[in-house]
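As structure tokens, the structure follows; a few thoughts come after it.
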Amino acid sequence: MLVANRGEIALRIMRSCREMGLGTVAVYSDADRTALHVSYADEAYGIGAAPATESYLRGGRICEVALCAGVDAIHPGYGFLAENAEFAEACAGAGIRFIGPPASAMRMLGSKTRARQAADAVGMPRVPGSVTSLRDVEEARRMAEEIGYPVMLKASAGGGGKGMRAVLSAAQMPEAFAAAASEAERSFGCGEVYLERLLAQARHIEIQVMADEHGNCVYLGERECSVQRRHQKVIEEAPSAVVGAELRRRMGEAACLLALSAGYVSAGTVEFLVDGAENFYFLEMNTRLQVEHPVTELVTGLDLVRMQLEIAMGEPLVVRQEEIALRGHAIECRIYAEDPENDFCPSPGRITRLLQPAGPGIREDCGVYAGWEVPVEYDPLLSKLVAFAGTREAAIDRMLRALDEYVISGIKTNVGLFRRILLDPEFRAGRIDTGYLERLLRADGETCGAEVPEEVVALAAALFVAEMGCGASAVHREPGKGLATAESRWSDAGRREGLRG
Amino acid sequence: MLVANRGEIALRIMRSCREMGLGTVAVYSDADRTALHVSYADEAYGIGAAPATESYLRGGRICEVALCAGVDAIHPGYGFLAENAEFAEACAGAGIRFIGPPASAMRMLGSKTRARQAADAVGMPRVPGSVTSLRDVEEARRMAEEIGYPVMLKASAGGGGKGMRAVLSAAQMPEAFAAAASEAERSFGCGEVYLERLLAQARHIEIQVMADEHGNCVYLGERECSVQRRHQKVIEEAPSAVVGAELRRRMGEAACLLALSAGYVSAGTVEFLVDGAENFYFLEMNTRLQVEHPVTELVTGLDLVRMQLEIAMGEPLVVRQEEIALRGHAIECRIYAEDPENDFCPSPGRITRLLQPAGPGIREDCGVYAGWEVPVEYDPLLSKLVAFAGTREAAIDRMLRALDEYVISGIKTNVGLFRRILLDPEFRAGRIDTGYLERLLRADGETCGAEVPEEVVALAAALFVAEMGCGASAVHREPGKGLATAESRWSDAGRREGLRG
Amino acid sequence: MTVWLEIDGRRRRVELPEAGLAPSRAGAFECFVDGAAVVVDASLSRAGVLSLIVAGRQYACVLDGDVVLVEGRRFPFAVHDLRELARRGRATGDEQGPRAVRAPMPGRVVRVLVAQGEEVAAQQGVVVIEAMKMQNELRSPKAGRVSRVAVQAGDAVAAGDLLALVD
Amino acid sequence: MTVWLEIDGRRRRVELPEAGLAPSRAGAFECFVDGAAVVVDASLSRAGVLSLIVAGRQYACVLDGDVVLVEGRRFPFAVHDLRELARRGRATGDEQGPRAVRAPMPGRVVRVLVAQGEEVAAQQGVVVIEAMKMQNELRSPKAGRVSRVAVQAGDAVAAGDLLALVD
């Protein structure tokens, strides 16, 4: 089994492979030779320079490696080549199984515009907007006038919030169109965009489906993904606080119908917007394993990667729809290397210390380690922290406890942001929609935290300066020599520690 | 909330306290000032010298600390004061809630001999043997003749395998009686022992019960604990491979009946021996939270510590018996600081490196960290590693995967032993009884592991010598200088690293 | 020994015992923060991880570069000697002068949004940088005139590189 | 540079390039194990954690004192120079002499099972030590006569302390 990915998801997939007794092959770019996914694999092959276009996006090179290593299958993870139908075909052509849907289903559902046509064909409600890509900004303007502003421009290929722009008025259209198209081109190698009405106050709720090669398709409940920033999911939950059994059944059955209509196989996610009146509107389908799949695993008790692999071996689904029961509540926080105090600017660099949470109800899918230098070339996702408990409230409190335990030094992370969200009364009441997080951030609230007496902070800092500076602390005992020396020695210690990790 | 314990269980309890918004107070001996449970607490108080008799067993001192810190309740964890009725009474006398059963129930069920009388009173089958403590070795011999050898001597107080001796013939009785009595005296401050028939080929299966103050009592399924060495549990599972719904109901209802007859409150465990014909025999009741409670938490989705705390606040049980459903399979490995290649001799010392497993289905309740010096004074339990998956086979394979990820350097551990057990066909087939592990160890099998070419081992060792020795590796570049220098430098690096952790 | 610190904009003087935190030392000792006595039981469990107990209250502290984390809250701090403080005192007079826009992280310049000589408002976008697949607009720290544009689209930049100067 | 090792009772000579594992070095290099060439891509991700790739196969290696863990298996090793090997050669002649029973860990002596002058069989119990709440019987490494008993019940012992000598 070759895993054509990196970071936490490569590790996640290899873990299930190991448990099933399948040998694992890693591929890595020059920036990733010391990455965790490489040292986890049975075999490992370099595939090129650090930029993804010269390594993880090189489908041809990866197929060559797969053939040379004699693997049976390739798992693409998410991102990179996961929704690239040409790559799936190249694998098939080389006699290697691609873990995912057939290229035909990927073409039909992976393109956002064609997926919207497919949704229309099975009578699934969708957000009003174009069902084909827009030729130019003129067509975009015309279509927007027709359905009414505000509208959302979206990349026809890809996902993950790339190539999306909200357009509130006709005046914003030219710039937004250019930006969305160029970001789509850069991210997916395809600059086509379409548009749809921007639904305010709606929730982003998605259905996980799993289909085998024998025509069986089940839905594994929903995920609530409304907490987003710049159209990127930040927190995901299962189940949603507002989805009852009946709505779940309706959405689930619609999702399965769409998947079956496209001859879909393997794991897939059908994304919906849901309004306050329990109406749901098809958004798009992600034809791959999703970043946030762990929350579904925790409430269903299933291993989605194992199911994908079993399906790829031709086995029928291990569960029938009526056997799938949801239990408890799971929340996932995406820990990113970014600086919430500096407009979420990416913060690559060396992790000097990593104290990770554990204990009851905590799962962490982490792709980094203390001493690892987070490269600048890739997505800044460091880790997915997931809390599971009997109720939503207990899961939130458990996640807060785990976040308190989490220390990542050397780089900036968004850990503090989660604390703020999880303590927010609106979030705790389940009153969230896709605009929730941007509103919270604009509110410019206080970062909460325990009260710490000022003299304790001063003492802690002084003791670190004294103790970390030099083993014998000889210099510090002579106040006459001045503390600049102490400071620089202390910096040295920090650097040494970073190197030793 | 004061936690009158140390190590992983103190941390486990404080985690649930934090999640419930309860402040935590740690107590620590001189050996534990830098222990994890101290730095996790909101408040911390030293209670004496390293030996448990001068710290963690000093109930009076702990009550004083509790009063001084103004806590509402004390959680005793397991071991130490957990089954000490006098301590429970002292807490009550001081107006502090003891998290556990009332002293009266503890006296009735915590003493093994009185518990056997209670079992007889509710008509619960038990292993033949004495229902009172033995006055002397003469009475022991007489009783043993009556029920027939082999017999098992057991401490009337306490648990955890302490003060137990198998006696195969009358000739062994004097030495075994003295050893059991002295170990019981040392471990529990009470040298009384009783005896019962030693059942061969039986399984140790226990029922978790939970009772509130309103007369409700539920059973949370069973745990299979047959994998034991020297009467100490090594691996626990839930559910048992041989317990079906009907046997579970029978054992569960019997356990609840016993608990209710004693006015039991809080978490408790009723231990049984189960023979091949699905007959079960009462062994004893543990009137506390059990080491292996996490496997029950994973298959039931409940938080047993939270339930204990809610019960102590006077709340009724959150679940009714019919709502308790078991899902999947959980296995726990008790990671000990002991050397399996040297007769499981304890291996205290400094942990120089700790690489911990994580990812899907893995929970770790760990009480140590890299840099921590495992003290010689206490139980050598470092961590409880728990794997959860849909089936027993998948859980075993998941645990094997997690054990492969686990690296503990600086001290010896029993991690390799678990690999051997989990790969053993007998264990995988579920054919285990309380004699299983001793048989496996006598079989003197090969430690399994991946084949590693000899030249790779040589290369790895040589590269460590070259790279860890000195930053610039100047010395190594001059073969004339000899490698003794290299070796000592490398040792220095190891020591430095140990100190830096 | 005495350590001079600046935390949250306030200067602090902390007097510690000469002996340091020997691993073998047990129990509490006396320190002075700005002259006021504090009895603390301090223990360094690992390099950069400190447990302080003051009047029974336990504080877990972690060192992260020039920040100390106490109970999960971040407190940036600086160590000073008196000469440096004096230098800083002089330096504050210059804050009305030119201000630099620097790259906060390594990345690639996607667009330059201003031209040399252009007037800009405070917080107006100056340069867009892409790093880790995200575009980030870097803004002018003050209103003024762009006296220099140091990069152009496509340039690779390292953290701290000068992008533009605003007078 | 050349490193002489002893692993699993076998002596090994490993020749490494002079340059060492610079973090910036990419790709594979050639080494010699007992004169045979091996092409290896080696990378030290952290102190004591090494990833080796030989012919595509990846080996995760961790250093634990005088043991190297490769793929979870433990390989004790020793570093030698030729002089030490020579010394060891001479020392082997003494192995028929007195053998010590030493405490493998710190603890307390519970019982002494033999008296000075007593004849013991190989693997016969000599001293019982309690540590971490467990009793452990320490056995004679050989058949012979107890020439010395160095402890008595109740004594505290440190790891490596002499308990008894068997001639």
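Protein chains in written order, with this note's numbering: chain A, 11 to 511; chain B, 11 to 511; chain C, 2 to 168; chain D, 2 to 168. Virtual Cβ for every residue (Gly too), placed ideally from N, Cα, C.
Item	Value
Kindly list, in the order they appear in chain C, the residues whose Cβ is closer than 9 Å to that of D414 (chain A).	E72, G73
F198 (chain A) touches chain C at which residues, Cβ-Cβ below 7 Å?	Within chain C, no residue comes near F198 (chain A); the closest Cβ sits about 12 Å away, beyond 7 Å.
Give, in chain order, every unbroken run of the beta strand (DSSP E) that is at least 3 residues long and sits entirely within the segment 290-328 of chain A.	290-296
Whole angstroms are fine: how far does the CA of S52 (chain C) sit from the CA of C513 (chain A)?	The requested residue 513 (chain A) is not part of the displayed model; chain A covers only 11 to 511.
Would you call the segment 401-411 of chain A and the segment 137-156 of chain C in contact, with 3 or more CB pairs under 8 Å?	no
Am I right that G118 (chain D) and R140 (chain D) are in contact with their C-beta atoms under 8 Å? What's the rounded C-beta distance?	Going by Cβ atoms, the distance from G118 (chain D) to R140 (chain D) rounds to 18 Å, so no, they are not a contact pair.
Are V129 (chain D) and V115 (chain D) close, meaning C-beta to C-beta below 8 Å?	no
For Q153 (chain D), does the three-state DSSP call read helix, strand or coil?	coil
Using a Cβ-Cβ cut-off of 6 Å (strictly less than) and excluding sequence neighbours within five positions of A101 (chain C), which residues of its own chain qualify?	L163, L166
Report yes or no: is there a C-beta of chain A within less than 8 Å of the C-beta of G57 (chain D)?	yes
Give me the chain A residues within the contact set of I54 (chain D), using Cβ-Cβ distance strictly less than 7 Å, ordered along the chain.	A54
Is the number of C-beta pairs between the segment 39-56 of chain B and the segment 96-108 of chain B that are closer than 8 Å three or more?	no
Could you list which residues in chain D have their beta carbon closer than 7 Å to that of G381 (chain A), in chain order?	S46, R47
State the start and end residues of the unbroken beta strand (DSSP E) segment that holds M135 (chain D).	135-140
For N289 (chain A), is the classification buried or exposed, using 16 other Cβ atoms within 10 angstroms of its Cβ as the cut-off for buried?	exposed
Pull up the distance between the alpha-carbon of V177 (chain A) and that of E155 (chain A), whole angstroms please.	12 Å
Can you give the Cα-Cα distance for E31 (chain D) and E19 (chain D), rounded to whole angstroms?	11 Å
Do you know how far the Cα of P326 (chain A) is from the Cα of M317 (chain A)?	9 Å
Report the three-state DSSP secondary structure of T3 (chain C) (helix, strand or coil).	strand
Who are the Cβ neighbours of F76 (chain D) in its own chain at under 8 Å, not counting the five residues just before and after it?	I8, D9, V68, V69, L70
Between the Cα of V384 (chain B) and those of B:P370, B:A472, B:Y346, spot the shortest distance and give me the residue it belongs to.	B:Y346
Less than 8 Å between the C-beta atoms of M295 (chain A) and L91 (chain A), yes or no?	no
Do you know how far the Cα of P184 (chain A) is from the Cα of M133 (chain C)?	26 Å
Pull up the distance between the alpha-carbon of V485 (chain B) and that of L473 (chain B), whole angstroms please.	Note that V485 (chain B) scores a pLDDT of 29, beneath 50, so its modelled location is shaky; the value from the coordinates is reported in the next line. Their Cα atoms are separated by approximately 14 Å.
Report yes if the CB atom of L450 (chain A) is closer than 8 Å to the CB atom of D434 (chain A), and no otherwise.	yes
Can you find a C-beta in chain B that's less than 8 Å from the C-beta of G377 (chain A)?	no
Just reading off the alpha helix (DSSP H) that V462 (chain A) is part of, what are its end residues?	Here V462 (chain A) belongs to no alpha helix (DSSP H), and DSSP marks it neither H nor E.
When burial is assigned at 16 or more other CB atoms within 10 Å of the CB, is G254 (chain B) buried or exposed?	exposed
What is the DSSP secondary structure of L473 (chain A), reduced to helix, strand or coil?	helix
With a 10 Å radius around its C-beta and 16 neighbouring C-beta atoms as the bar for buried, classify C376 (chain B) as buried or exposed.	buried
Examine chain C for any beta-carbon lying closer than 8 Å to the beta-carbon of C513 (chain A), and answer yes or no.	With chain A running from 11 to 511 in the structure shown, residue 513 (chain A) is simply not present.
Using only CA atoms, which one of C:V15, C:K143, C:M2, C:M106 lies nearest to E120 (chain C)?	C:K143
With DSSP as the reference, identify every bridge partner of H339 (chain A), one or two as the case may be.	A:A399
So, helix, strand or coil for K1 (chain B), using DSSP?	Residue 1 (chain B) lies beyond the stretch modelled for chain B, which goes from 11 to 511, so this question has no answer here.
Assuming C227 (chain B) and A269 (chain B) make a contact with CB atoms under 8 Å, what is their CB distance in whole Å?	5 Å
If you draw a straight line from the alpha carbon of W5 (chain C) to that of R11 (chain C), how long is it in whole angstroms?	11 Å
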